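This report refers to the structure that appears directly beneath it.
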Amino acid sequence: LKRQARREQSPCHQAPTFGAVCAALGMARIDAQRLYLFLHLRGLVSSAVRLSLIGPLAAQALQHRAGAIGEQVLARCADLGPEDAASTAPLLDIYQGHHDRLYSRLFGS
899 LKRQARREQS PCHQAPTFGA VCAALGMARI DAQRLYLFLH LRGLVSSAVR
949 LSLIGPLAAQ ALQHRAGAIG EQVLARCADL GPEDAASTAP LLDIYQGHHD
999 RLYSRLFGS
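Under my numbering, the letters of the sequence shown match residues 899 to 1007, in that order.
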């Protein structure tokens, strides 16, 4: 996939690439969607821990509670197509792209 993307000069976004890899592995679509939501939620909760907003045990509890909400979102949105994609916070997307230029960064990465 990486060689093909480079050969075709076709940079890929993370979500469609994740879906393509899951499909290549033979994973069912609903399982790939559930895994993607889980990993995204885990990343958000991990950020809260690294920022010392919550502790690790509270983070596990939060992720467990939010998992039920994720299942509801998945049930509502599993059949949406690419044409339904939208950004809910475009300014945050722009700010996130400038994190490496901040004087005081939140994370070292």
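Note that beta-carbon positions come from the ideal geometry of N, C-alpha and C, so glycine has one too. Since we're looking at a predicted model, the values are computed, not measured.
Contact fails between the segment 951-971 and the segment 917-927, because fewer than three Cβ pairs, one in each stretch, are under 8 Å apart. Rounded to whole angstroms, Q902 and G953 show a C-alpha spacing of 42 Å.
In this structure, the CA atom of G995 is about 13 Å from the CA atom of A987. Less than 8 Å divides the Cβ of R940 from the Cβ of Q961. Within the segment 933-994, complete alpha helix (DSSP H) segments of at least 4 residues are found at 954-975 and 988-994, given in chain order. The C-beta separation of Q907 from A976 comes to about 32 Å, leaving the pair out of contact by the 8 Å criterion. Rounded to whole angstroms, H911 and G917 show a C-alpha spacing of 10 Å.
Annotation for G917: the continuous alpha helix (DSSP H) segment containing it runs Q912 to A922.
DSSP places Q902 in the helix class (H, G or I) of the three-state scheme.
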